[in-house]
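Protein chains in written order, with our numbering: chain A, 2 to 150; chain B, 2 to 150.
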């Protein structure tokens, strides 16, 4: 498995993995494509036998010195439980630190359907640092996980 | 005093008020201009005798249903202690509610130099709902104030 910054030809591979993620809404899937096409965000891919099997999308938050947002992490369902997600996080953290990043922030939902996402962030060392009630919609809190390097 | 959505000819008045705010960095002042010129954000102005004496800039957060960010609030120093800031907040909240907003979020710094800003949000009914340590830079926390309508 190779972890490396995405190349221009990875667009289809990234969108194909995105399409397989049940927990993403159509609007969220569109957002991944918009961030790629916008060009102002960093993508990192996990590649097995040349094929994209996972990716992260991240970028520095405006008006901060070294605070990065993890916008998306997605792993092909066939690759789950193989540690690909954890390795993607570690590779992304290394890239962020290379750029002078001090903090990586992962925002997610407090809904039951995101319980495994929250458990994943906790299992790879992130701490729940903040909650905003009803942020996404009534009954759907924002939960902010952070890693301070 | 009139409170109303900004008109195209308010650009200079908004930038003139921005220039007078000591607590804004040059980068932050540039950001106000960029948000205006970008066109994708809502501005509301306070006008006295035709002159802009304060403004807010706000917008809906992507991927939420009805959560709005207050990006900026600025009041001409000569207008302070006259309740202009509070009236600007109330007028902005009314506009946000008109658009179906449920929550207005005001993010600010935990630094000593922002103590009066934090006191202002608290005095107009906002609650400190979250803190992210060292968010802006080491020693400079993010403090998130919210009003749930």
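For glycine and all other residues, C-beta sits at the position ideal for the given N, C-alpha and C.
Note that the structure is predicted; figures quoted are calculated from it, not measured.
- A straight line joining the alpha-carbon of residue 82 of chain B with that of residue 27 of chain B spans about 25 Å.
- Interface with chain A (9 Å Cβ-Cβ cutoff): residue 109 of chain B is excluded.
- Of A:100, A:13 and A:118, the smallest CA-CA separation from residue 38 of chain A is found for A:13.
- With a threshold of 16 other beta carbon atoms within 10 Å, residue 23 of chain B falls short and is exposed.
- Going by beta carbons, residue 87 of chain A and residue 54 of chain A fall outside the 9 Å limit.
- Counting other Cβ atoms within 10 Å of its Cβ, residue 150 of chain A stays below 16 and is therefore classed as exposed.
- A distance below 9 Å separates the beta carbons of residue 77 of chain A and residue 21 of chain A.
- With 16 or more other CB atoms across the displayed protein chains lying within 10 angstroms of its CB, residue 96 of chain A is buried.
- Among the residues facing chain B, residue 61 of chain A is not included, as its CB has no counterpart in that chain under 9 Å away.
- The beta carbon of residue 52 of chain A sits closer than 7 Å to the beta carbons of 14 from its chain, once the five residues preceding and following it are set aside; these are given in chain order.
- Scanning chain A for C-beta atoms nearer than 8 Å to the C-beta of residue 145 of chain B yields 131 and 133, reported in chain order.
- By the rule that beta-carbons nearer than 9 Å mark a contact, residue 122 of chain A does not touch chain B.
- Comparing alpha-carbon positions, the option among B:136, B:144 and B:45 lying closest to residue 63 of chain A turns out to be B:136.
- A Cβ-Cβ separation of about 17 Å leaves residue 49 of chain A out of contact with residue 90 of chain A under the 8 Å criterion.
- The beta carbon of residue 9 of chain B does not come within 9 Å of any beta carbon belonging to chain A, so the residue lies off that interface.
- Distance from the Cα of residue 105 of chain B is smallest, within the candidate group B:57, B:142 and B:116, for B:57.
- Counting along the chain, residue 122 of chain A sits inside the alpha helix (DSSP H) bounded by residues 116–124.
- Residues of chain B with a Cβ closer than 9 Å to the Cβ of residue 127 of chain A do not exist; the shortest Cβ-Cβ separation is about 13 Å.
- Ranked by Cα distance from residue 45 of chain A, the options A:35, A:10 and A:4 are led by A:4.
- Residue 136 of chain A belongs to the set of residues whose beta carbon lies under 9 Å from a beta carbon in chain B.
- Interface flag for residue 74 of chain A against chain B is unset, since no Cβ pair is found closer than 9 Å.
- Distance check between residue 134 of chain B and each of B:119, B:112, B:123 and B:147 places B:112 closest, using alpha-carbon atoms only.
- The CB of residue 80 of chain A never comes closer than 9 Å to any CB in chain B; the least such distance is about 25 Å.
- Listed by position along chain B, the residues whose Cβ is nearer than 8 Å to that of residue 29 of chain A are 64.
- For residue 145 of chain A, the closest of B:130, B:141 and B:19 by C-alpha to C-alpha distance is B:130.
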